[in-house]
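Chains as they are written, first to last, in my numbering: chain L, 1 to 181; chain E, 1001 to 1582.
This report concerns only the one structure given below.
Shown next as structure tokens:
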């Protein structure tokens, strides 16, 4: 083994379901091999909260609120290569189904009109991030270098992507490895 | 007449009666046609001229074409109209008096800014006429009391060639065919090397032969009068002035291929021509040129119905047109099989353009040699051009194929030409360096549209209009076209407003290639042409608008928080976003 420094990898989930992260874990024992060449920075896997300079950033989920924007921008600033992972990051996905309604309709339905609401009011605590009018794909907010489709992308697809990036190659995921269910 | 019972016609009547198509009517129609309610609803939703919410008593469709649209120099006539009427676009006035919508080119490009009011074309609009119109609407004057010159379409024919110089008399083509013989007439058509005038240029003789040879329960002849390519209006003139020759060509085709039923599919924007066309049909039936035993020939039975479309550009695509004829949404079929073997009701069908049938009728009369005496080897005969835009004499010009664009520009009085769009938005954008190119299937092909833009025009605005046209007219069946055309429109807009980066431009080009390669039909295959041609020939116009920044978000982030700010009454620091510093 050479003493090549390990690549730093950070991951986050914005408006997503963590399904992509679960699928990442489906690489199973290959994770052991990968960890010879990469190490995690900020990620739900590590619970590291502060993002340092990274080589690769994986973004799950679309952009639904102001906090998502800040996190996404931080990732863009710190990551050399930023990858949109999964249907929600790429297209908005399931959370973007609310785009067919106005934000007002959504919030009123949930916080005012729902039959079992106690003390109906729309939350306005400054601690809470404000919602955007729609759920947006990540590439409309920051520049994205690569897109890994799938809902979620398979463990094989993650493995293929990471091996290519570690090897310094343009990532190419074979058609057969792209799954959308 | 059976065409009175056509689904599109019944829906049109309902739309006229109620100013929209109520849900109860949809149920009634479904029961009457023994079709699922969902199918009728799909048809209502597909066509732009049907609505499920009430339109006004005066229903205005303002053309947004670059030649006959509302943008007159610096004046936006549409805004002027809606402002003066106190209505918003696509929203019916509270008292239901009036509604205003945009619509794609209505084929009045030689008559200046134009609109359709309750289906009638109203032309030569300027701010003064808009104000007069508003006065008449407010006084609730019926259209019959409006000044008649406003509705008078005057075809300007500036140059006549093979077809327009000398018309044939009704019946001459049929008599010539019967004299010559059916197969010999087909041979004559083949030898004339006539190619389809809609733009694609398929050999007419071969099409007829393939259809004739195809086995089926019945054969059909369809005339495509769905002239929807922006900037095209030559069929409007032909339908008005040469309907006999068109019907004659169809009847000749019917005899050649063995058809007993024909259809003219007339675009909804030309509905005002319907009474005239029906009069000609009645006259032809009376003269034994249509109906049973045509010209005394036993077994030569053929009649024509006219089906009027309802505002869908895609129905100019032959398989979408056939779907529409069958009373369905105009979604193109997968081809092959082609209509010559599997067309109307799955039977062998010839679909040709108005001009093609007229040329065929002339060829039957005057012979193939007469026809090939003009034009080039690959493109015989003549072509009717609809010339519009920045020139002194817009109108109809008939040229031999092979004429240079330069020559045409000279003849129609165009000066300081920056660009010419030949063949409409789906055609070719020509810049000053390519004016030597020639009209013909082997060089610059066109269905007839020829739009001229002088140096004062903003080319990106024009390309954007064309791109928006495709986004509007995409039938929505396939994803590359449905989603892609909208992404093109948005991507180009980002560049136009100075927010486009070099990366956005590369993405735009990439998207163009994708749409062109993966779309289901010709609309998608050509939808990116304006941008691709623009990038190639007017790259400077794009470059000038690009920002030097690496990235700019695709939407205004702070504006996207506005709704939430209002609902929460928040205005703290966390309730705002900047566009990202760089």
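Positions of the beta carbon are idealized from the N, C-alpha and C atoms, including for glycine.
Here residue 1021 (chain E) is buried: its Cβ has 16 or more other Cβ atoms, across all protein chains shown, within 10 Å. In the displayed model, residue 1531 (chain E) falls within a helix according to three-state DSSP. Rounded to whole angstroms, the separation of the alpha carbons of residue 1459 (chain E) and residue 1431 (chain E) is 11 Å. Excluding sequence positions up to five before and after residue 1151 (chain E), its CB lies within less than 7 Å of the CB of 1120, 1121 and 1122, all in the same chain and listed in chain order.
For residue 1231 (chain E), no alpha helix (DSSP H) encloses it, and the DSSP letter there is neither H nor E. Residue-level contact by beta carbon fails for residue 21 (chain L) and chain E, as no gap is shorter than 9 Å. Annotation for residue 1273 (chain E): 1236, 1239, 1240 and 1266 place their beta carbon closer than 8 Å to its own, counting only its chain and skipping 5 residues before and after. Collapsing the DSSP output to three states places residue 1526 (chain E) in a helix.
Using beta-carbon distances, residue 1553 (chain E) counts as an interface residue toward chain L, with a partner under 9 Å.
In this structure, residue 1050 (chain E) sits near residue 1043 (chain E), with a CB-CB distance shorter than 9 Å.
By the Cβ neighbour-count rule, residue 176 (chain L) is exposed, with fewer than 16 other Cβ atoms within 10 Å of its own.
Between the C-alpha atoms of residue 1125 (chain E) and residue 92 (chain L) there is a straight-line separation of about 44 Å. Taking a 10 Å sphere around the C-beta of residue 114 (chain L), we find fewer than 16 other C-beta atoms and assign the residue as exposed. Close to residue 1504 (chain E), with beta-carbon spacing below 8 Å, lies no residue of chain L; the smallest spacing is near 10 Å. Taken atom to atom, the span from the alpha-carbon of residue 1105 (chain E) to that of residue 1570 (chain E) is near 46 Å.
In summary, the residues of the stretch 1533-1554 of chain E whose CB is separated from some CB of chain L by less than 8 Å are 1550, 1551, 1553 and 1554, in the order they occur in the chain.
Listed in chain order, the non-local C-beta contacts of residue 1101 (chain E) below 6 Å within the same chain comprise 1061 and 1090, local neighbours out to five positions each way being set aside. Nearest to residue 1572 (chain E) by C-alpha distance, out of L:66, L:15 and L:11, is L:66.
Contact residues of the stretch 1498-1525 of chain E toward chain L are 1503 (C-beta to C-beta distance below 8 Å). When the Cα atoms are used, residue 1524 (chain E) and residue 1484 (chain E) turn out to be separated by approximately 9 Å. In the three-state scheme derived from DSSP, where H, G and I count as helix and E and B as strand, residue 6 (chain L) is classed as coil. The C-beta distance from residue 15 (chain L) to residue 68 (chain L) rounds to 6 Å, short enough to fall under 8 Å. The Cβ neighbour count for residue 1270 (chain E), taken over all protein chains shown within 10 Å, is at least 16; the residue is labelled buried.
Under the three-state reduction of DSSP output, residue 1166 (chain E) falls in the coil class, being neither helix nor strand. Among the CB atoms of chain E, one or more fall inside 9 Å of the CB of residue 133 (chain L). In the three-state DSSP reduction, residue 1411 (chain E) falls in the helix class (H, G or I). With respect to chain L, the C-beta atom of residue 1384 (chain E) has no partner C-beta closer than 9 Å.
For residue 1091 (chain E), no Cβ of chain L is located within less than 9 Å of the residue's own Cβ. In the DSSP annotation of this structure, the continuous segment of the alpha helix (DSSP H) that includes residue 1544 (chain E) starts and ends at 1539-1545. If you draw a straight line from the Cα of residue 1450 (chain E) to the Cα of residue 1195 (chain E), it is about 19 Å long. Within the stretch 116-130 of chain L, 122, 123, 124, 126, 129 and 130 place their CB atoms closer than 8 Å to a CB of chain E, listed in sequence order. Residue 1462 (chain E) and residue 1452 (chain E) have their C-alpha atoms roughly 11 Å apart.
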